[in-house]
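Chemist: Yeah, the sequence shown ends on 231 if you go by this note's numbering, and it's all consecutive.
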Amino acid sequence: ALTGRAEIAEDGWKGGLDVALNAIEAQRLMRLWPVSAVPGTRKWLSENVGQAEFTNFKAALRFAEKTPPRFALGYEFSGAEVRFIRTLPPIQEGHGRATIEGNVYTVVVDGGHVTAPQGGRIEVGGSVMTVPDITKFPATAEVRLITDAPLTATLSLLDQEPFRFLQKAERPVDLGQGRAVLASDLRFPLIARITAGDVEYNVSGRILDFSSDKIVPGRTVTSP
8 ALTGRAEIAE DGWKGGLDVA LNAIEAQRLM RLWPVSAVPG TRKWLSENVG
58 QAEFTNFKAA LRFAEKTPPR FALGYEFSGA EVRFIRTLPP IQEGHGRATI
108 EGNVYTVVVD GGHVTAPQGG RIEVGGSVMT VPDITKFPAT AEVRLITDAP
158 LTATLSLLDQ EPFRFLQKAE RPVDLGQGRA VLASDLRFPL IARITAGDVE
208 YNVSGRILDF SSDKIVPGRT VTSP
């Protein structure tokens, strides 16, 4: 459904547009999204969200002469491929919901996974991305990445650009076996090329059923 209105008042042009869709593909949405409405967020979505279907999509645009347009939306998504940082593998088969309220853009990933370069699949359900002010240029993203995976897969992900944690510590990504459940808080600008210096991060979590014969030469270290 599409409804709209426009009028000339004493203070100039003003009006609005409302859209409600049962379902729409991500790339088709980008063709319909007004370029002047939060262009930075629109550009990030078009470059970092691949195949996806949006459902229960609702958007509203309000405009008035001599004032910036106001834009709000909400949608659910499924089958999504989302890339938060270009050097990291994308989230695949992501499903969740997203909103723009005021200047805040929020994406909640209820389920999905990342395929690590080594070690297998990483579940990322419960992860959240927030852009506190979409009007800034460049805008800043805050991501809480919740991961549950084999230890090797997790360390393999943390050893990609822009981090390279294991290489810096001169350790292999397969230094042990176990299951890693982590919460990684990342903060970075939404720019085309992100370096390690652009990313603020804090990583904490637990490793379960750990064993390794590489930490102490000639010994096997284990811990529940």
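We put the beta carbon where it would ideally sit given N, CA and C, even for glycine.
(1) Output yes or no for whether 8 angstroms exceeds the beta carbon distance between Phe84 and Ala105.
(2) Run through DSSP, which three-state label would Lys73 get?
(3) Identify every residue that forms a DSSP beta bridge with Leu9.
(4) How long is the line joining the alpha carbons of Gly87 and Val56, rounded to whole angstroms?
(5) Can you say whether Pro224 is buried or exposed, counting buried as having 16 or more other CB atoms within 10 angstroms of its CB?
(6) Which stretch, first to last residue, makes up the alpha helix (DSSP H) that contains Thr147?
(7) Are the beta-carbon atoms belonging to Thr202 and Ser218 less than 8 angstroms from one another?
(8) Output needed for Phe91: all residues of its chain with C-beta closer than 6 angstroms, excluding positions within five of it in sequence on either side, in chain order.
(9) Determine the contact status of Leu197 and Ala148, defining contact as a CB-CB distance below 8 angstroms.
(10) Could you please give me the residues that DSSP links to Lys175 through a beta bridge?
(11) Given this structure, state the Cα-to-Cα distance separating Pro124 from Pro157, to the nearest angstrom.
(12) Run through DSSP, which three-state label would Gln99 get?
(13) Are the beta-carbon atoms of Gly103 and Val111 separated by less than 8 angstroms?
(14) State the beta-bridge partners of Met136 as determined by DSSP.
(15) Which one of Trp20, Asp155, Leu24 has the shortest CA to CA distance from Leu9?
(16) Can you say whether Ile222 is buried or exposed, counting buried as having 16 or more other CB atoms within 10 angstroms of its CB?
(17) Need the endpoints of the beta strand (DSSP E) that Arg194 sits in, please.
Modeler: The relevant details are as follows:
(1) Closer than 8 angstroms, so yes.
(2) In the structure shown, Lys73 sits in coil (DSSP, three-state: anything other than H, G, I, E or B).
(3) For Leu9, which the question treats as bridged, DSSP gives the partners Val26.
(4) Strictly speaking, residue 87 in this sequence is Ala, with Gly absent from that position. Linking Ala87 to Val56 through their CA atoms gives a straight-line distance of about 7 angstroms.
(5) Pro224 should be labelled exposed.
(6) Following the DSSP letters along the chain, one finds Thr147 in no alpha helix (DSSP H) but inside the beta strand (DSSP E) bounded by residues 147 to 157.
(7) No; because the gap between Cβ atoms is not below 8 angstroms, this pair is not in contact.
(8) Contacts found: Val150.
(9) Contact check for Leu197 against Ala148 passes: the beta carbons are separated by less than 8 angstroms.
(10) Paired residues: none, contrary to the question.
(11) Roughly 12 angstroms between the two C-alpha positions.
(12) Strand, per DSSP.
(13) No, the pair does not count as a contact, with Cβ atoms beyond the cut-off.
(14) Met136 is bridged to Val114, Val150.
(15) Closest option to Leu9, Cα to Cα, is Leu24.
(16) With fewer than 16 Cβ atoms within 10 Å of its Cβ, Ile222 is classed as exposed.
(17) Element bounds for Arg194: 184 to 196.
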